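In the UniProt record's numbering, the protein residues as written are 1 to 457.
Note that CB positions come from ideal geometry on N, CA and C, so glycine has one too.
Fair warning: this is a prediction, and the values are worked out from it, not measured in the lab.
Inspection log for the structure reproduced underneath, given as structure tokens.
What follows is the structure, given as structure tokens:
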């Protein structure tokens, strides 16, 4: 954004300094070894005298398996077979980066993407470069083209990226990939995920700093972040824009950490003490959210997704590590009780409704598989390939290795990794996606380098 006079320039610099001061506690964490994040005592940007958020607690006194803690895998050189896993994942992006825009399709050969999937794509490129699959020249070329296209995107209501775009034309689209002048709305969670690679690029690849700044210069972040909380937007059937609080347990804190690392005040969203509750699943207490459909109008999904991403990218904090362990233990215990390999998360399916949230606890029900409308589709539960790879990279237990052996066949000779195996029918869920292949690339990079946002060993 350009400024017409020195006053506005000065105000811009002041805002930047304030944002940096708000981010300082988390930045200290990101540049340190894994451990508990410090007390986020920074004031709200909108009200410097407002009550401050409480320090995050790890809730270990309320959890069941804390006498058994899981060690986090240490970084070691990659084996040849692990490099091959990454090469398979990278094939997806070789096949799906649009030559015109430089953006990657969210699903194989379908010219559409979201900001979440674009964040995954950029993290895949960073991971591929870090482990030597692509050289620096190729990396720079891919990143430059992608950032150039992101800077050209039309914004929903002139404020923030739309929920979906055509990867060839860059036009705003609906969920059927039909162009729409008005758009669908924006997702604060999706935009927050995109900020993770953008922050990484600025911190570790300074050559791309100006290009990143051009991407976000026109974004009205204050529209999705108010008093430290996240807000999404939806275009209603009547043509009016509806603004709603966005994010539930796990996803909300993950998105908040991404935004704090980028210099924004998202500390209220990072808290859990205001809405947390626990559900008992397979005799394990797992985190859930008291904001229900009836009270707050949104679905509650406790899935593996935000926790494996937190581990791969941030290296956890004390609280998220404890929660991740409980979620993992519940899935391992289900296997012990039933013999059914269980590693569940959100993901695409090769039949209607195309996308489901396979939960540990969903809307208060153990192992519910839910649509975005909250409809039960438990017959679509599948063993999630990305979740298996991530858990094995992070924890490396006997159970994760057993699941990993079971999923090795889930790829195509000329493509990438597939979504998983359906639990009920044992059929292959043969959708190829950017998110799954990106997380597998991240998991391979984690094995040799540790969390993406940590200093490299």
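For residue i, which of the options has the nearest alpha-carbon?
i, options, result
"residue 188", "161, 179, 165, 211", "161"
"residue 263", "338, 228, 248, 379", "228"
"residue 104", "303, 257, 170", "170"
"residue 342", "100, 331, 260, 349", "331"
"residue 349", "363, 369, 361", "369"
"residue 431", "443, 402, 355", "355"
"residue 175", "234, 151, 137", "234"
"residue 123", "143, 184, 210, 179", "143"
"residue 166", "159, 158, 149", "149"
"residue 237", "112, 384, 145, 185", "185"
"residue 225", "256, 320, 380", "256"
"residue 382", "402, 83, 449, 358", "358"
"residue 242", "157, 252, 273", "157"
"residue 288", "367, 96, 208, 221", "367"
"residue 258", "427, 85, 199, 284", "199"
"residue 379", "404, 415, 423, 373", "423"
"residue 340", "261, 426, 377", "426"
"residue 115", "372, 196, 72, 402", "196"
"residue 194", "446, 324, 435", "435"
"residue 414", "100, 113, 108", "108"
"residue 211", "450, 151, 261, 117", "151"
"residue 240", "183, 209, 117", "183"
"residue 429", "372, 352, 447, 399", "352"
"residue 141", "168, 297, 208", "208"
Would you kindly report the start and end of the unbroken alpha helix (DSSP H) that includes residue i?
i, result
"residue 211", "209-216"
"residue 420", "From DSSP, residue 420 is part of no alpha helix (DSSP H) but of the beta strand (DSSP E) over 418-422."
"residue 125", "115-130"
"residue 199", "188-204"
"residue 267", "267-270"
"residue 398", "398-407"
"residue 323", "318-338"
"residue 473", "Residue coverage of the chain in this structure runs from 1 to 457, which leaves residue 473 outside it and unanswerable."
"residue 93", "80-96"
"residue 412", "No alpha helix (DSSP H) holds residue 412; DSSP gives it neither H nor E."
"residue 454", "Residue 454 -> no alpha helix (DSSP H), and no H or E assigned at all."
"residue 101", "Per DSSP, residue 101 belongs to no alpha helix (DSSP H) and is neither H nor E."
"residue 294", "293-296"
Starting from residue i, follow its DSSP beta bridges and name the residues at the other end.
i, result
"residue 225", "230"
"residue 156", "160"
"residue 348", "355"
"residue 173", "179"
"residue 301", "362"
"residue 235", "241"
"residue 110", "107"
"residue 248", "Beta-bridge pairing links residue 248 to no other residue."
"residue 165", "113, 172"
"residue 388", "Partner(s): none; residue 388 has no beta bridge."
"residue 369", "358"
"residue 68", "None, per the DSSP bridge assignment."
"residue 376", "370"
"residue 185", "234"
What is the residue span of the beta strand (DSSP E) that residue i lies within?
i, result
"residue 287", "284-289"
"residue 429", "428-432"
"residue 134", "Note, residue 134: premise wrong, no beta strand (DSSP E); not H, not E."
"residue 279", "276-281"
"residue 382", "382-384"
Nearest chain D C-beta to residue i closer than 8 Å, yes or no?
i, result
"residue 80", "No chain D appears in this structure, which consists of one protein chain only."
Assuming residue i and residue j are in contact, meaning their beta carbons sit under 8 Å apart, how far apart are those beta carbons, in whole angstroms?
i, j, result
"residue 131", "residue 444", "6 Å"
"residue 248", "residue 293", "About 11 Å; that fails the 8 Å criterion."
"residue 190", "residue 163", "7 Å"
"residue 254", "residue 244", "Actually they do not touch by this definition, with Cβ atoms about 19 Å apart."
"residue 305", "residue 345", "5 Å"
"residue 326", "residue 63", "6 Å"
"residue 121", "residue 93", "7 Å"
"residue 275", "residue 291", "5 Å"
"residue 460", "residue 90", "Absent from the model: residue 460. The displayed extent of the chain is 1 to 457, so no value can be given."
"residue 433", "residue 106", "6 Å"
"residue 318", "residue 362", "Wrong, their Cβ atoms sit about 26 Å apart, outside the cutoff."
"residue 250", "residue 307", "6 Å"
Considering only heavy atoms of the ligand HEM, does any lie closer than 7 Å to the CB of residue i?
i, result
"residue 377", "Inclusion of the ligand HEM in the displayed structure is not the case, the ligand content being empty and no account of it being possible."
Next on the checklist: For the segment 419-430 against the segment 445-454, do three or more pairs of beta-carbon atoms, one drawn from each stretch, fall closer than 8 Å, so that the two count as touching?
Outcome noted: no
Next on the checklist: I'd like to know if the segment 305-312 and the segment 393-404 are in contact, where contact means that at least 3 CB-CB pairs between them fall below 8 Å.
Outcome noted: yes
Next on the checklist: Counting beta carbon pairs with one atom in the segment 408-415 and one in the segment 336-352, are three or more of them shorter than 8 Å?
Outcome noted: no
Next on the checklist: Taking 8 Å as the cut-off, does the segment 199-219 touch the segment 275-284 (at least 3 CB pairs, one atom from each stretch)?
Outcome noted: no
Checklist entry - With contact counted as at least three CB pairs below 8 Å, one residue from each stretch, are the segment 433-441 and the segment 378-389 in contact? => result yes
Next on the checklist: Whether or not the segment 265-274 and the segment 196-207 are in contact is what I'm after, with contact meaning three or more pairs of Cβ atoms, one per stretch, closer than 8 Å; do they touch?
Outcome noted: no
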